[in-house]
Amino acid sequence: MTAIASAIPATLVRSRSDRRRSIVDRTFRVLCLVAAIICVVPLFAVIAYVAINGAGALSLDLLTKAPRALGIGGGAAAAILGSIQMVLVAAVLAIPAGILAAIYVSEFGGRRSATVIRFAADVLVGIPSILMGIFVFTFLVLPFKQYNAFAGSVALALLMIPVIMRTTEEMIRLVPKDLPEAALALGVPAWRTILSIVLRTGLTGVLTGVMLAIARAAGETAPLLFTALGSRLINVGDFAKPMDALPIFIYVNARQPYDALNAQAWGAALLLLLFVLTVNILVRARTLGRRPR
Amino acid sequence: MTTLRRPNGLRGGSTSRLPDRVMKAGSGLFAGGVVALVVAIGLMLAVSSRVTWSTFGLSFVTGTDWDPVASIYGALPFIVGTLVTSLLALLLAAPIGLLTAIFLAELAPRRVALPLSFLVELLAAIPSVVIGLWGVFVLSPVLRGTVEDWVTHTLGTVVPFFAGPTFGVGIFAAGVILAIMILPTIVAISREVITAVPLSQREAMLALGATRWETVTKVVLPYAASGIVGAVILGLGRALGETMAVTMVIGNKTQVPTRLFDQGQTISSQIATTFNEASIGLQTSSLIALGLVLLVMTIGLNVVARLLVRRVAGDGVGMATGG
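In structure tokens, the structure reads:
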């Protein structure tokens, strides 16, 4: 198609108005190209600066030590461990919930209830994540008068559920209908058909959605500010107490007036970015070009 | 073909057995939970902010002072901050995003368009706090030394809106950061609605001897117009609620901004920076009232945007990038 398009102006450039049209067209094409280049500049700029500044800050201390109780020094170990724990618990909460909701919408729900639920999930995705932080704060922090890691996990989970639900649902929709029909015709019960045929067939797709949701949750800061709060202590397993996370660590240290702490923020940003980009590249590279998105 | 499809999933199949009913009820619980969650968030914000609404009424929205010491709370500085930064972001991101979407959908060969869309998607995946970090230490100083310096010394000498002083961090930097963050949303969804325009429409134009520019402006864009507007509004919705990156580059000063390079505060950045230290009572209630204002703004925009996008490209479009 582009071949045809580029052939046309060449044959049309005859009169003055045709020349003008051709110039407009070419300017337009160049502008589009320039815009596309502008779009990817920030990506490379962010990655480059994080890589350079972060690599300079990476050290054994950053990976293995908690922040000093007072003053400057220590590392991001509390944040790294906290992020891993809270995101894992959030995933454990959100994955079954999201998948079950998707199963209901695509297999059991009537047309009208499915529309309402889908719409609610869309609205939920659009709600600013900081409001989710306030929401969970009211129910899981205020009554106990204690910021706690569990509240952080719940806030992250609530953000993950609609994402997992919608991607799972899309994958279920891609499963050829004759597979479950064949199973049902053979007398396999519906629940078994859904688990062993529908979900099994769409498993890679479901995993894709889950991994992307995890990567996003790992980078969320706002919902953790009023729930897990952050902490200077290494907290392993005590979800009733505050816990640090990499995004909080980055935010807090970026605001300190000390170069050494700013450097730690860059180091932590490099770790976080490495994780998020690796997941995204691996997952999306598989699905690249399968569906225009 | 459609007669062979299950009209509504497995409904009407063998769902009479007990395990089937358990699964239906169990999954229905979570699906209903999604709806309940949306309602619960709205209700919670309304209930927890009732002290503010009963104290100030609607003048909370128009009040310009936010003074915890005097117990006076007005939301206008943050509402204006939110709107100005988001509109600025839109002004920058909408044209660039639309041109990029046209490039990806209409002009670029597949082997260029695919990796390029991939890169734009990656931009959306970068955590907000990392973009904020870059914004504070890299982008703001650069903006101050170039654009802000230049504008204040030229336009700024005539129009007060463009006058200094400049800080680097502020409304303008926040707008630029937001523009970067909503570009992927605008590009991805515009591209989808443009792709949804029937090929025959373009072919007819090209067969008549039209250039690409004429094809795009006279056929493709009019056809996809409402979807593109939807994409832009979805981007706006994202800009309104974006928290961390904005908090880090806006300067965190409670004032109604009157100049482009002023420091300011958005609704979400005000909540992020002061919620933990707020005293329970009127101050917390007022911050939650701010949250309610933000919720109403974003939900309203999202609903309108999705209806517009759906009109052009059908159900389920733009989900993965919608957040």
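If you read the sequences in order, they're chains A and B.
The numbering of the first sequence is our numbering, which starts it at -2 and goes up by one.
The numbering of the second sequence is our numbering, which starts it at 630 and goes up by one.
Each residue gets a CB set at the ideal place from its N, CA and C atoms; glycine is no exception.
These figures come from a predicted structure and were not determined experimentally.
Shown here, Asp696 (chain B) sits in a strand according to DSSP, grouped into three states.
In the three-state scheme derived from DSSP, where H, G and I count as helix and E and B as strand, Tyr144 (chain A) is classed as coil. Residue environment analysis places Thr681 (chain B) among the buried positions, since at least 16 neighbouring C-beta atoms fall within 10 angstroms of its C-beta. The beta carbons of Ile806 (chain B) and Gly764 (chain B) sit about 5 Å from each other, so the pair counts as a contact at 8 Å.
In the assembly as shown, Pro770 (chain B) is an exposed residue. Its beta-carbon has fewer than 16 other beta-carbons within 10 Å. Among the bridge pairs identified by DSSP, Leu226 (chain A) is matched with A:Met240.
Tyr852 (chain B): member of the alpha helix (DSSP H) spanning Leu850 to Gly870, first to last residue. Proximity of Phe732 (chain B) to chain A, defined by a Cβ-Cβ separation below 8 Å, is satisfied. Burial state of Asn881 (chain B) is buried, judged by a 10 Å Cβ sphere holding 16 or more other Cβ atoms. An exposed status is given to Val788 (chain B), since fewer than 16 other beta-carbon atoms sit within 10 Å of its beta-carbon.
Contact between Ile800 (chain B) and Ile879 (chain B) holds: their C-beta atoms lie close to 7 Å from each other, under 8 Å.
According to DSSP, residue pairing for Tyr248 (chain A) in a beta bridge does not occur.
Listed along chain A, the residues sitting closer than 7 Å to Thr927 (chain B) by beta-carbon distance are Gly123, Ile124 and Pro125. The count of Cβ pairs closer than 8 Å, one atom from the segment 55 to 65 of chain A and one from the segment 145 to 152 of chain A, stays below three, leaving the stretches out of contact.
Of the candidates B:Ser688, B:Val780, B:Val698 and B:Ser683, B:Val698 places its Cα closest to the Cα of Ser908 (chain B). Around the C-beta of Ala237 (chain A), fewer than 16 other C-beta atoms lie within 10 Å, and the residue is accordingly described as exposed.
Segment contact: the segment 750 to 761 of chain B against the segment 846 to 853 of chain B, fewer than three CB-CB distances shorter than 8 Å; contact not assigned. In terms of Cα proximity to Gly774 (chain B), the closest of B:Gly761, B:Phe766 and B:Gly797 is B:Gly797.
Within the segment 149 to 172 of chain A, the residues whose Cβ lies closer than 9 Å to any Cβ of chain B are, in chain order, Leu155, Leu156, Ile158, Pro159, Val160, Met162, Arg163, Thr164, Glu166, Glu167, Ile169 and Arg170.
If the five residues before and after Gly234 (chain A) are omitted, its C-beta is found closer than 8 Å to the C-beta atoms of Gln82, all from its own chain and listed in chain order.
Taking C-beta atoms as the reference points, Ala75 (chain A) and Leu230 (chain A) count as a pair closer than 8 Å. With contacts defined by Cβ atoms closer than 8 Å, Val758 (chain B) and Pro244 (chain A) form a contacting pair.
If you check each beta-carbon in the segment 859 to 893 of chain B against every beta-carbon of chain A, the ones closer than 7 Å belong to Gly866, Gly870, Thr872, Met873 and Met877. Ranked by how close their Cα comes to the Cα of Phe766 (chain B), the residues A:Glu178, A:Gly130 and A:Asn250 have A:Asn250 in first place.
Listed along chain A is no residue with a C-beta nearer than 8 Å to that of Phe790 (chain B); the closest approach is about 25 Å. Identification of chain B residues near Asp22 (chain A) by a Cβ-Cβ cut-off of 8 Å yields Thr840, Arg841, Trp842 and Glu843, ordered along the chain.
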